[in-house]
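Asks:
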Amino acid sequence: MAIQRTFSIIKPDATERNLTGAVNAVIEKAGLRIIGQRRIQMTRAQAERFYDVHKERPFFGELVDFMTSGPVVVQVLEGENAVKAYRDVMGATNPADAEEGTIRKLYAKSIGENSVHGSDSEENAAIEIRQFFSEADIAG
Ligand code: RTP
Ligand code: MG
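In this text, residue positions in the sequence shown follow this note's numbering: the first is 444, and each later residue adds one.
Here's what the structure looks like:
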């Protein structure tokens, strides 16, 4: 498998509990390298654009409220098969279904406040990275 990039967000429920370093430790232990990282306060416009695919879902308003409720850490991760590798280490969307040792099993509070985002395809990873990073802010 080739070296890939994926996009990650450490969500407000995790930054609020000061878990950035703890999440990053799990990411790095999984063999992924954090090659870009920035802490930001997302605007509603940014969150709405980011989650546009979910705009018809009943939880969309709640999701935008949550993602703008506090700072997030946006990241570019790189590694072997990074998109799937990160989805695996994140665990299931609902922490009740997540495997032992995954970020969501360890830290997520609920299906909504689930500590991290990770891209679901290489194509979406490229789109999401472009939304938050310029190449000058990434060093692999
Ligand atoms: P993500 O996009 O954040 O990496 O999470 P995911 O692929 O595992 O889940 P997805 O289906 O894409 O949903 C995006 C985010 O919406 C929130 N959500 N809330 N209340 C609910 O039933 C519900 N379902 C999803 C979660 O924050 C989820 O990560
Ligand atoms: Mg998703």
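The beta-carbon is built from N, C-alpha and C at its ideal position, and this holds for glycine as well.
Measure the CB-CB distance between Ser451 and Val559 and report whether it falls below 8 Å.
Replies: Position 8 of the sequence shown holds residue 451. Position 116 of the sequence shown holds residue 559. Yes, Cβ-Cβ distance for Ser451 and Val559 is below 8 Å.
Asks: Just to confirm my understanding: we take Asn467, look at its own chain, exclude 5 residues before and 5 after, and list those with CB closer than 7 Å. What are they?
Replies: If you number the sequence shown from 1, residue 467 lands on position 24. Closer than 7 Å at the Cβ level, and outside the excluded window around Asn467, lie Ile477.
Asks: Once the 5 residues before and after Arg492 are set aside, which same chain residues still bring their CB inside 8 Å of it?
Replies: Here the question's residue 492 lines up with position 49 in the sequence shown. Result list for Arg492: Gln574, in chain order.
Asks: Do Gly522 and Ile581 have their CB atoms nearer than 8 Å?
Replies: What you label residue 522 is simply residue 79 of the sequence shown in a count that begins at 1. What you label residue 581 is simply residue 138 of the sequence shown in a count that begins at 1. No, the Cβ-Cβ distance between Gly522 and Ile581 is not below 8 Å.
Asks: Should Phe576 be labelled buried (16 or more other beta-carbon atoms within 10 Å of its own) or exposed?
Replies: The count along the sequence shown starts at 1 and reaches residue 576 at position 133. Phe576 should be labelled buried.
Asks: Given a cut-off of 8 Å, decide if Tyr529 and Thr458 are closer than it, judged by their beta-carbon atoms.
Replies: The residue you call residue 458 lines up with position 15 of the sequence shown. The residue you call residue 529 lines up with position 86 of the sequence shown. Their beta carbons are not under 8 Å apart, which means Thr458 does not touch Tyr529 by this criterion.
Asks: Go ahead and label Ala551 buried or exposed: buried means 16 or more other beta carbons lie within 10 angstroms of its beta carbon, across all protein chains shown.
Replies: The residue labelled residue 551 in the question sits at position 108 within the sequence shown. Buried is the call here.
Asks: Since I believe Leu520 is in contact with Ile470 (beta carbons under 8 Å), could you give me their beta-carbon distance rounded to a whole number of angstroms?
Replies: On the sequence shown, position 27 is the one that residue 470 refers to. On the sequence shown, position 77 is the one that residue 520 refers to. That pair is a contact at about 6 Å.
Asks: Check whether the Cβ of Thr536 lies closer than 7 Å to any heavy atom of the ligand ZN, and answer yes or no.
Replies: For the structure depicted, the ligand ZN is absent and the ligand set comprises only the ligand RTP and the ligand MG.
Asks: Count the other C-beta atoms from every protein chain shown that fall within 10 angstroms of the C-beta of Arg482, then say buried if there are 16 or more, exposed otherwise.
Replies: Indexing the sequence shown from 1 puts residue 482 at position 39. The residue is exposed, with fewer than 16 neighbouring Cβ atoms inside 10 Å.
Asks: Roughly how many angstroms lie between the CA atoms of Ala568 and Gly464, to the nearest whole one?
Replies: Counted from its first residue, the sequence shown places residue 568 at position 125. Counted from its first residue, the sequence shown places residue 464 at position 21. Near 22 Å, if we compare the C-alpha coordinates of Gly464 and Ala568.
Asks: For the ligand RTP, is there any heavy atom lying closer than 7 Å to the beta carbon of Phe502?
Replies: Mapped onto the sequence shown, residue 502 falls at position 59. Yes, the Cβ of Phe502 comes within 7 Å of a heavy atom of the ligand RTP.
Asks: Taking only the alpha-carbon atoms, compute the straight-line gap between Ala535 and Glu578 and give it to the nearest angstrom.
Replies: Within the sequence shown, residue 535 is the residue found at index 92, counting from 1. Within the sequence shown, residue 578 is the residue found at index 135, counting from 1. Distance between the alpha carbons of Ala535 and Glu578 is about 30 Å.
Asks: Note down, in chain order, each residue of its chain lying with its Cβ closer than 8 Å to the Cβ of Thr486, except the 5 sequence neighbours on either side.
Replies: The count along the sequence shown starts at 1 and reaches residue 486 at position 43. The residues are Thr511.
Asks: List the DSSP bridge partners of Ile453.
Replies: Counting from one through the sequence shown, the residue named residue 453 turns up at place 10. Ile453 pairs with Val516, Val559.
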